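Peer 1: Following our numbering, the numbering of the sequence shown begins with 1249 at its first residue and continues without gaps. We treat Cβ as the ideally placed atom computed from N, Cα and C, and that holds for glycine. Owing to the predicted nature of the structure, the values given are computational and were not obtained by experimental measurement.
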Amino acid sequence: MEEKKIIFRYDTLCITEGRYEFKRIYKRPWRVMLCGIFNMKLVVTLILAILFFVFCIPVLGGHLNAFAFLPVVFPVIFLSVMDYYEKHRNLIIQKEDIQSMSVKNDTLLIFYRKENNKATSAVKLVELKSDMLPDEVLESVFQ
1249 MEEKKIIFRY DTLCITEGRY EFKRIYKRPW RVMLCGIFNM KLVVTLILAI
1299 LFFVFCIPVL GGHLNAFAFL PVVFPVIFLS VMDYYEKHRN LIIQKEDIQS
1349 MSVKNDTLLI FYRKENNKAT SAVKLVELKS DMLPDEVLES VFQ
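(1) In or out: V1302 buried (at least 16 other Cβ within 10 Å) or exposed?
(2) Within the same chain, show all residues whose beta-carbon is closer than 7 Å to that of L1339, passing over the 5 residues directly before and after it, in chain order.
(3) Would you kindly report the start and end of the unbroken beta strand (DSSP E) that includes F1256?
(4) Using the three-state DSSP reduction, which class does E1395 fall into: helix, strand or coil?
(5) In chain order, which beta strand (DSSP E) runs of at least 3 residues are fully inside the region 1331 to 1365?
(6) Identify whether L1373 lies in helix, strand or coil by the three-state DSSP scheme.
(7) Using CA coordinates, which residue listed in T1293, D1354 and K1252 is at the minimum distance from I1325?
(8) Should F1315 go down as buried or exposed, given a rule of 16 or more other Cβ atoms within 10 Å for buried?
(9) Using a Cβ-Cβ cut-off of 6 Å (strictly less than) and excluding sequence neighbours within five positions of Y1332, which residues of its own chain qualify?
(10) Going by the CB atoms, is the gap between L1386 and L1356 shorter than 9 Å?
(11) Which whole-angstrom value describes the C-beta separation of S1388 and I1254, a residue pair presumed to lie in contact below a C-beta threshold of 8 Å?
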C-alpha cells in the first residue's frame, strides 16, 4: 500500500488506497481564524437582526436596549464558530464519499458526503501554499 503526502499551508494530506486523511500541522493565526468566523453571512445576519429590533420594537411599544439583541447575537456567533470548526477540523474521508474538488482563491474546496448521513454533504477547506499551483494540486490529489 503506497502512501502519498501533500503538505499544505496549515494541513497535510495523506492519501492511501481508499481514503484521504487530513491532519493539522500548523495552528492558524488568530487573524485568519477570526476572518473565517466573522464572515459575510454572520455580518448580514447581525445587521438584519439589528434593523429588525430598531424598526419593530418601538412600533410595538417596547423599549430598545442591548439585552434584546442577546438572544439573536449569541446563537448566530455560536453557529458561525461551529461552521468554521467543521470546515477546518482533522478529517478522514473515504474516496467514494468525495463528490467534487476545486480550487478557488488559493483554497482547495472538497465537497464530500458525511459518514453518518449519506443525503447531506459537507465542505473541507484547505489553504494552499503560495508556491502551489491549483492545477498541480488537483492533479496530484486525483492521481
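Peer 2: Per the coordinate set shown:
(1) Counting from one through the sequence shown, the residue named residue 1302 turns up at place 54. With fewer than 16 other Cβ atoms within 10 Å, it is exposed.
(2) Locating residue 1339 in the sequence shown gives position 91, where the first residue counts as 1. Result list for L1339: F1270 and K1372, in chain order.
(3) Here residue 1256 refers to the residue found at position 8 when the sequence shown is read from its first residue. Careful: F1256 lies outside any beta strand (DSSP E) and carries neither H nor E.
(4) The structure shown has nothing for residue 1395, since the chain only spans 1249 to 1391.
(5) 1339 to 1342, 1346 to 1352 and 1355 to 1361
(6) Against the sequence shown, residue 1373 aligns to sequence position 125. Strand.
(7) For this step, residue 1325 is matched to residue 77 along the sequence shown. Nearest option by C-alpha distance: T1293.
(8) As a working note, residue 1315 is residue 67 in the sequence shown. Per the 10 Å Cβ criterion, exposed.
(9) On the sequence shown, position 84 is the one that residue 1332 refers to. Cβ neighbours of Y1332 beyond the five flanking positions: G1284 and I1285.
(10) As a position in the sequence shown, residue 1356 is number 108, starting the count at 1. As a position in the sequence shown, residue 1386 is number 138, starting the count at 1. In this structure, L1386 lies closer than 9 Å to L1356 by Cβ.
(11) As a working note, residue 1388 is residue 140 in the sequence shown. As a working note, residue 1254 is residue 6 in the sequence shown. Between S1388 and I1254 the beta-carbon gap is near 6 Å, inside 8 Å, which marks them as a contact.
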